[in-house]
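Keeping their order, the protein sequence lines are chains V and C.
UniProt numbering numbers the first residue of the first sequence as 1 and each following residue consecutively.
UniProt numbering numbers the first residue of the second sequence as 1 and each following residue consecutively.
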Amino acid sequence: MSVRDDIAARIPGGDAGLIVLILASAYLLYILAGIGLGYDLRGQLNSIATLTFYIGIFAMLSLALNLHWGYTGLFNIGIVGFMAVGVYVMALVSKPVFVAGGAAQVGGLGLPLWVGIIAGMLAAAILGLVVALPALRLRADYLAIVTIAMSEIVRFSFLSGNLQEFNLFGTKVGFGGGSGLILDFVPPLEALFRSVGLWGVYLGFVEAFQAIVPRNPKPVVDGLIYGALLLGFVAVYFWLLKRTGESPFGRVLKAIREDEDVANALGKNTDGFKIKSFMLGCALMGLAGILWLMPQGAVTPNFFRPRVTFFVWIALIIGGAGSNTGSVLGGAVFAAVLYQGPRYFQNLVGTVFPNLDSPSGFGQAISPLISQFDPVPLLLYTVDSIRQLQLVVMGLVLIWLMHNRPEGLLGHRKETASVISLDRPKSMTAADGGTDGEVRTDGGVTEDDSTAAVEGGASDE
Amino acid sequence: MGIAETYSRGREFAIERPFALVLGVIAAVLLGDLLLGLATGQTQFADIGTLVWDGLMRGLVIGLAGIGLSMTYSILNFANFAHGDYITAGAFSGWATTYLIAGLGRADIGALLLVGAGGSVYGGTIGIGMLSTPLAVVAGIVVAGAFAIALSLGVDRFIFKPVRNEDGITLLITSIGVAFALRYLMQFVFGSDVRGTTAQPPSIGLYLIDGTVFIDAHDITLLVIASGLMIGVHLLLQRTKLGKAMRAMADNQDLALITGIPTERVVRSTWIIGGGLTGIAGYMFILWKGTLGFNDGWLLLLLIFAAVILGGIGSIYGAITGGLVIGLTASMAVLWIPSAFARAAAFVVMIVILLVKPSGLFSGRSTA
Numbered sequence: 001m002s003v004r005d006d007i008a009a010r011i012p013g014g015d016a017g018l019i020v021l022i023l024a025s026a027y028l029l030y031i032l033a034g035i036g037l038g039y040d041l042r043g044q045l046n047s048i049a050t051l052t053f054y055i056g057i058f059a060m061l062s063l064a065l066n067l068h069w070g071y072t073g074l075f076n077i078g079i080v081g082f083m084a085v086g087v088y089v090m091a092l093v094s095k096p097v098f099v100a101g102g103a104a105q106v107g108g109l110g111l112p113l114w115v116g117i118i119a120g121m122l123a124a125a126i127l128g129l130v131v132a133l134p135a136l137r138l139r140a141d142y143l144a145i146v147t148i149a150m151s152e153i154v155r156f157s158f159l160s161g162n163l164q165e166f167n168l169f170g171t172k173v174g175f176g177g178g179s180g181l182i183l184d185f186v187p188p189l190e191a192l193f194r195s196v197g198l199w200g201v202y203l204g205f206v207e208a209f210q211a212i213v214p215r216n217p218k219p220v221v222d223g224l225i226y227g228a229l230l231l232g233f234v235a236v237y238f239w240l241l242k243r244t245g246e247s248p249f250g251r252v253l254k255a256i257r258e259d260e261d262v263a264n265a266l267g268k269n270t271d272g273f274k275i276k277s278f279m280l281g282c283a284l285m286g287l288a289g290i291l292w293l294m295p296q297g298a299v300t301p302n303f304f305r306p307r308v309t310f311f312v313w314i315a316l317i318i319g320g321a322g323s324n325t326g327s328v329l330g331g332a333v334f335a336a337v338l339y340q341g342p343r344y345f346q347n348l349v350g351t352v353f354p355n356l357d358s359p360s361g362f363g364q365a366i367s368p369l370i371s372q373f374d375p376v377p378l379l380l381y382t383v384d385s386i387r388q389l390q391l392v393v394m395g396l397v398l399i400w401l402m403h404n405r406p407e408g409l410l411g412h413r414k415e416t417a418s419v420i421s422l423d424r425p426k427s428m429t430a431a432d433g434g435t436d437g438e439v440r441t442d443g444g445v446t447e448d449d450s451t452a453a454v455e456g457g458a459s460d461e
Numbered sequence: 001m002g003i004a005e006t007y008s009r010g011r012e013f014a015i016e017r018p019f020a021l022v023l024g025v026i027a028a029v030l031l032g033d034l035l036l037g038l039a040t041g042q043t044q045f046a047d048i049g050t051l052v053w054d055g056l057m058r059g060l061v062i063g064l065a066g067i068g069l070s071m072t073y074s075i076l077n078f079a080n081f082a083h084g085d086y087i088t089a090g091a092f093s094g095w096a097t098t099y100l101i102a103g104l105g106r107a108d109i110g111a112l113l114l115v116g117a118g119g120s121v122y123g124g125t126i127g128i129g130m131l132s133t134p135l136a137v138v139a140g141i142v143v144a145g146a147f148a149i150a151l152s153l154g155v156d157r158f159i160f161k162p163v164r165n166e167d168g169i170t171l172l173i174t175s176i177g178v179a180f181a182l183r184y185l186m187q188f189v190f191g192s193d194v195r196g197t198t199a200q201p202p203s204i205g206l207y208l209i210d211g212t213v214f215i216d217a218h219d220i221t222l223l224v225i226a227s228g229l230m231i232g233v234h235l236l237l238q239r240t241k242l243g244k245a246m247r248a249m250a251d252n253q254d255l256a257l258i259t260g261i262p263t264e265r266v267v268r269s270t271w272i273i274g275g276g277l278t279g280i281a282g283y284m285f286i287l288w289k290g291t292l293g294f295n296d297g298w299l300l301l302l303l304i305f306a307a308v309i310l311g312g313i314g315s316i317y318g319a320i321t322g323g324l325v326i327g328l329t330a331s332m333a334v335l336w337i338p339s340a341f342a343r344a345a346a347f348v349v350m351i352v353i354l355l356v357k358p359s360g361l362f363s364g365r366s367t368a
């Protein structure tokens, strides 16, 4: 906590300054890595576009999760299920109608993309309602188990052959089963610019970009513009959740997080509030899933493994649950360091030492170490399987955070409803927006802020 | 009078417990459908017998692994998401032992220790089985249990203990971190391929009205070991002081501490019993189904959670009963729905129980 206060105090602009600083250093690091990898300008721009893409996606997802966990105290570990439903319903609605002999095995309803996106968000929200109805009245850990079970049910359902193709409104549609689904609708950027009549202008811009990237600049420009679009969505999410959090509705949510019984006793229908908050968050997760997979061209059910949920949780916990700024920050740090970082490291090693023959299995990697004290094969194998080890590192980071910094970088700020400042000298040590009595809701007296509690006790909502 | 009373009681029931009524109707429809299928010859008795037997075996594995989860859930107050990976870890350690003993001299030691990673050795080629290599299997069971005990004690000491006084959610998130670290570490070492581990075991066919139900040697092994361990745990918890201390701790930790129960030692015993059963369950699961992959424990974990919640957290009888119900549901659901949704059916049973009886079937009976 003191570290965070020190950092925040030293950076001009407070939280916003911190975000700018972290983003700037992430981009600088990637540009440096790009130089190290010998990227030309095109490669650099692509690398920046990819980084922006993942920063945007994880910031959106952790903002949505912050509404569930940080504001309402709903322990949702089925995020990926809502994303999957959003994407698949969007595909079902927006894919072009099936024609025999086409590339796609199944078709869709052929409706415009925006209809599909809205339908996907609605479907995710409805799934949220279905999950929430039985589970919300129960303990937080039951909600956890029900949501993760739901996300696996969703994945197995999309994997199954029964939903591979079926008839809807007389056309052949489906979810493609295990082989996946081709998203053969109009590319999202083209659809967007055409709908506002700026497609020609955009193509002109791409032409002009040839001055910077001579050959085929369109993919580069597409990537950069899409990344920027995602950052725009992050801003919208941020604004929406900030407004939600500060509204009377949001104050009830925070009250539920701190003590549901008290909120209930004050005459609030806490179940209703929880369900609405849950559905809103699920719709936002669905949209984030759609934005993630829309430009990828295809989707398979096994993309939606529980590990994606785990990614979002780490992002939120790094940033700090309960803080929207923290969620964005956590998303950015996670995307830049934990998600993309190891892959860059792998590429970097591959560039510095080309023609490395890494062993194909752990056995071949470890036997030279045992027989000849030769650690090189093991190191090579380690670099080669960095995508698995990345998850090990993430698990360890999560454990470390829970041990040492459960409140994250910017977690658990108290937003006051009062006109006059009720700031206490130090913020409370309450961990992570926990749902039950463990969090000191009454400005509980602890050793280091017992004096502050006297004046600050009223600041909790 | 009798009719009127029955009628009014029935009406009251319908108003008070609408869910139970709907469930009853659904159950009746499903049963009717099954009987109709049997009567018209669409469904065979032997098929049902096979499914029931399959469900029973699956249920024994789930129940055995569920005991450990249920105990830590009630005594340490958190849902341990790393439990599934304890199962996998136990299975890998045990199978490495089995491979080593069964295949020594016939294949490279490294390949044997890595349970044939990358297709270097196949369990079928070495001829692993309860009857063909009994010593290797028994040694594997012992090592699986011991390794899972060591793992759960180590993880508890270094990872859970420092945050044990936080709320359940902090521990839960920590356990998710442990789960991912363990799972992908195992993938790093053992590879991501699903390998076949056993040779086809000999089986006997039991004639059932219109067909045969096959029961193989590994089914019998699982049945004997699982029921033996379950009875053992029952005796341990009922007849020893440790069992009493555990029940006291599950009930009220502070009170247990005041009464002079060495809570830390009880926690350790909980991990030892739970970890051992979990590791053995993992080994038996692989022996029974004949394939081993790094994701097996995780996929089983959700069914185990369903079983534990169904039975009522903290009750080992609940965990066993819940395991059997969930196992039977997952196996028998294919009678009515496509097989891809069989797993989903087990979760639906769990959600239904959460709606109708949130505290589980054996509620109010903490550990034992």
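For every residue, glycine included, the Cβ atom is placed at its ideal position computed from N, Cα and C.
This one's a predicted model, so the numbers in the text were calculated from it and none came from an experiment.
For C:Ala-111, the C-beta contacts it makes with chain V under 7 Å involve Gly-363, in order along the chain. The C-alpha of C:Val-155 is placed about 43 Å away from the C-alpha of V:Ile-182.
Per DSSP, the continuous alpha helix (DSSP H) segment holding C:Ile-101 begins and ends at 83-103. Listed along chain C are Pro-162, Val-163, each with a C-beta nearer than 7 Å to that of V:His-403.
Leaving aside the five residues that flank V:Ala-135 on each side, the residues in its chain whose CB is nearer than 8 Å to its CB run, in chain order, Tyr-142, Leu-143, Val-146, Thr-147. Of all residues in the segment 260-280 of chain V, none comes within less than 7 Å of chain C when Cβ atoms are compared. C:Tyr-86 is outside the set of residues whose beta carbon lies under 8 Å from a beta carbon in chain V. V:Ser-385 sits buried, since 16 or more C-beta atoms from the chains shown fall within 10 Å of its C-beta.
The criterion of a C-beta distance shorter than 8 Å is not satisfied by C:Ile-304 and C:Gly-59.
Interface flag for C:Gly-274 against chain V is unset, since no Cβ pair is found closer than 8 Å. One thing to note: C:Ala-144 has its Cβ no nearer than 8 Å to the Cβ of C:Gly-275. For V:Val-173, the enclosing beta strand (DSSP E) begins and ends at 171-173. Under the criterion of beta carbons closer than 8 Å, C:Thr-72 and V:Met-402 do not qualify as touching, at roughly 17 Å. Ranked by Cα distance from C:Lys-289, the first of C:Thr-97, C:Ala-217, C:Ala-148 is C:Ala-217. Chain V has a Cβ within less than 8 Å of the Cβ of C:Tyr-184. In the structure shown, the three-state DSSP call for C:Ile-215 is strand. With a cutoff of 8 Å on beta-carbon distance, V:Phe-304 and C:Ile-176 are scored as not near each other. In this structure, the alpha-carbon of V:Thr-351 lies about 33 Å from that of C:Gly-293. CA-to-CA, the gap between C:Ile-351 and V:Ile-117 works out to about 29 Å. Contact residues of the segment 34-52 of chain V toward chain C are absent (C-beta to C-beta distance below 8 Å).
The beta carbon of C:Phe-45 does not come within 8 Å of any beta carbon belonging to chain V, so the residue lies off that interface.
When the beta-carbon positions are compared, C:Gly-124 and V:Gly-361 stay at least 8 Å from each other. When DSSP states are grouped into helix, strand and coil, V:Gly-107 belongs to the strand group. Nearest to V:Tyr-71 by alpha-carbon distance, out of V:Arg-257, V:Asp-184, V:Phe-334, V:Asp-357, is V:Arg-257.
In this chain, the beta strand (DSSP E) harbouring C:Gly-205 covers 203-208. Within the segment 59-76 of chain V, the residues whose Cβ lies closer than 8 Å to any Cβ of chain C are, in chain order, Phe-75. When 7 Å is used as the limit between beta carbons, V:Pro-134 is near these residues of chain C: Ile-351, Leu-354, Leu-355, in chain order. One thing to note: V:Ile-57 has its Cβ within 8 Å of the Cβ of V:Ala-288. With its beta carbon less than 8 Å from one in chain V, C:Ile-169 belongs to the interface. For V:Ile-182, the secondary structure class from DSSP, reduced to helix, strand or coil, is strand. At a cut-off of 8 Å between C-beta atoms, V:Val-146 counts as an interface residue with respect to chain C.
Per DSSP, reduced to three states, the secondary structure at V:Phe-373 is coil, with no helix or strand assignment. CA-CA distance, C:Gly-41 to C:Ala-28, rounds to 20 Å. Per DSSP, reduced to three states, the secondary structure at V:Val-299 is strand. Interface residue (Cβ-Cβ distance to chain C less than 8 Å): V:Tyr-142 is classified as such.
Here DSSP, grouped into helix, strand and coil, assigns V:Phe-166 to strand.
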